[in-house]
Every structure is written in structure tokens, then in C-alpha cells.
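Numbering (this note's numbering), first residue to last: 1 to 101. Notes follow once the structure below has been shown.
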Amino acid sequence: MRDPPKLSFEETERRALLLKEWSRYKYAQHQTEMDTIKEALEAQTQALDELKLESEELYKAAVSPDTDIFPFQHEGPSYTPPITNYEAPEGKYNDITRVYT
1 MRDPPKLSFE ETERRALLLK EWSRYKYAQH QTEMDTIKEA LEAQTQALDE LKLESEELYK
61 AAVSPDTDIF PFQHEGPSYT PPITNYEAPE GKYNDITRVY T
């Protein structure tokens, strides 16, 4: 494996500033996405409130989960009882507990 190249002070500074600029950009992008999601959720809540005032039946239909959207099939036991008298192995570990006397 080859050694990493020696960087000049100017190159190190340039890379550090570039990393900081990238971090600021990604933070601003994240904030924009979070604001968009927040606005969408507020609009959804407002629309559901208006729908509830208009028709309770339609509101209940709108907030009920749609089980056909993500089909789920499951085979086998949903619960497996523990094996009786099973002793789990301790495994290998190094005891690094400090002893203060």
C-alpha cells in the first residue's frame, strides 16, 4: 500500500474550507427538505380537518389504513417458545474492568 502524498499547508486549508462549505450546503439542503415535509404535513392536516367538517364518513375512510397498498404474507410461527434447559454460551471476552482499592 502506498503512502498518502504530503500535502502543503495551503492544500490542507483549501480542503478544510471546501469540507466546511459542503457541510453548510448539505445542512441548507436538509433544512429545505424538512421545511417542505413540514408544509406538506400541515396542508394534509388542514385538508383532513376540512374533510371532517364536511363529512365524517369521508374523513374516517381517508384516515383508515389501506391494507392492499403493501401486501404482506407470512408463513410459519409468529412466536417460538424458548428451548427448555438451554444454557447460552458466554463467549470470549477480555475483562477490562478497573479495580480501585
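Note that the Cβ used here is the ideal one computed from N, Cα and C, for glycine as well. Treat the numbers as computed from the prediction; the structure is a model and nothing was measured.
Open item on the list: Can you find the residues in the same chain that come closer than 8 Å, C-beta to C-beta, to L19, ignoring five residues on each side of it along the sequence?
Closed with: The sequence position of residue 19 within the sequence shown is 19, counting from 1. Hits under 8 Å: none found.
Open item on the list: Assuming L41 and L51 are in contact, meaning their beta carbons sit under 8 Å apart, how far apart are those beta carbons, in whole angstroms?
Closed with: What you label residue 41 is simply residue 41 of the sequence shown in a count that begins at 1. What you label residue 51 is simply residue 51 of the sequence shown in a count that begins at 1. Wrong, their Cβ atoms sit about 15 Å apart, outside the cutoff.
- [ ] To the nearest angstrom, report how far apart S112 and L17 are at their CA atoms.
- [x] Nothing about residue 112 can be reported from this structure: the residues present for the chain run from 1 to 101 only.
Open item on the list: For E54 and E39, I'd like the C-alpha separation in whole angstroms.
Closed with: Stepping through the sequence shown from its first residue, residue 54 is reached at position 54. Stepping through the sequence shown from its first residue, residue 39 is reached at position 39. Their backbone Cα atoms lie some 22 Å apart in a straight line.
Task: Length of the line joining the Cα atoms of K92 and I37 - done: In the sequence shown, the residue the question calls residue 92 occupies position 92. In the sequence shown, the residue the question calls residue 37 occupies position 37. For K92 and I37, the distance between alpha carbons rounds to 47 Å.
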